[in-house]
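Student: So that we are looking at the same thing, I have put the structure below in structure tokens.
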Amino acid sequence: MDFNLLLHFLEDLNKNNSKQWMDLNRKRYHQVRNTFIDWLDKINLKLAEIDKDYYFTPGKKGIIRINNNLLYHPTKPVYKDYFGAGFDKAPGYGDFYVEIGLEQSLFAGGIWKPQTSKLNSIRQAIDFNGEELMAILMNPSFKNQFGGLYKDEKLKTAPKGFSKSHPYLSLLQNKSFGVIHTIPKNTLFDDKFEDYLLDIYIEMLPFRRYLNRALTV
198 MDFNLLLHFL
208 EDLNKNNSKQ
218 WMDLNRKRYH
228 QVRNTFIDWL
238 DKINLKLAEI
248 DKDYYFTPGK
258 KGIIRINNNL
268 LYHPTKPVYK
278 DYFGAGFDKA
288 PGYGDFYVEI
298 GLEQSLFAGG
308 IWKPQTSKLN
318 SIRQAIDFNG
328 EELMAILMNP
338 SFKNQFGGLY
348 KDEKLKTAPK
358 GFSKSHPYLS
368 LLQNKSFGVI
378 HTIPKNTLFD
388 DKFEDYLLDI
398 YIEMLPFRRY
408 LNRALTV
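So the mapping is simple: my numbering equals the position in the sequence shown, first residue as 1, plus 197.
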């Protein structure tokens, strides 16, 4: 895909972030969006080939809205400055997320601020087999690509029902379990960008599968 087409559209949108401008340029928006969806469909097929448990996620199902939710975030602009989509998007589980934007482009995956029942399931999995998750996070290649868990809101003490001396207390205190890999901008225009995406997907897979197993039990 020619990401220049997408980024140039986002640059113009960012300078004129209003419904009036979007209405005048809606044909152009749909051309860019449809091109992005076609690319997502291509990646969807490639991921299905390398992951036997992949949940088939066509582009139209994976793509997220470009509109910001002004009801909950009234100070945000009307439109986002990126296109985003999820792959392997099974209902109720964490997906593999791709974002291509002006400020940053990234790959991400995991569970962000899950509801209490899901968070409890992940904590129970850590209590039962926290060494597996720790081994994934400490794997040198994993650390090289993601650095560690995304730093989000954490409890100041042990969750209810868990000891303050729990060997994996630092994991149990998390309210989100996600990782992010920032994409260097020039990489978007590399001929091997899609291979790069597949490599990151594979590297992240043990982490995502651990969380999804926790949500299955």
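Backbone N, C-alpha and C fix where the C-beta goes; we use that ideal spot for every residue, glycine too.
Which complete beta strand (DSSP E) runs does the region 235 to 322 hold, if anything under 3 residues is left out?
Tutor: Entirely contained in the region 235 to 322, the beta strand (DSSP E) runs reaching 3 residues are, in chain order, 279 to 284, 293 to 298, 303 to 308.
Student: State the DSSP-derived secondary structure class of residue 415, mapped to helix, strand or coil.
Tutor: Any property of residue 415 remains undetermined from this structure, which presents the chain solely from 198 to 414.
Student: So which of 300, 268, 322 has the shortest CA-CA distance to residue 204?
Tutor: Stepping through the sequence shown from its first residue, residue 204 is reached at position 7. The shortest C-alpha separation from residue 204 is found at 300.
Student: Taking C-alpha atoms, which residue in 283, 265, 288, 228 lies nearest to residue 277?
Tutor: In the sequence shown, the residue the question calls residue 277 occupies position 80. Checked all of 283, 265, 288, 228; the closest Cα to residue 277 is 265.
Student: State the start and end residues of the unbroken alpha helix (DSSP H) segment that holds residue 413.
Tutor: For the purposes of this step, residue 413 is taken as residue 216 along the sequence shown, with counting starting at 1. First-last of the alpha helix (DSSP H) with residue 413: 390 to 413.
Student: Since residue 374 is in the beta strand (DSSP E), which residue starts that stretch and which ends it?
Tutor: Counting from 1 along the sequence shown, the entry for residue 374 is found at position 177. First-last of the beta strand (DSSP E) with residue 374: 374 to 379.
Student: I'd like to know whether the C-beta of residue 198 is nearer than 8 Å to at least one C-beta of chain D.
Tutor: In summary, chain D is missing from the structure at hand, where a single protein chain is found.
Student: Specify, as a first and last residue, the run of the alpha helix (DSSP H) that residue 386 falls within.
Tutor: The residue you call residue 386 lines up with position 189 of the sequence shown. Segment: none, residue 386 is in no alpha helix (DSSP H) and carries neither H nor E.
Student: Please name the residue, chosen from 206, 400, 397, 395, that lies closest to residue 298 on a Cα-to-Cα basis.
Tutor: Here residue 298 refers to the residue found at position 101 when the sequence shown is read from its first residue. Among 206, 400, 397, 395, the Cα nearest to that of residue 298 belongs to 206.
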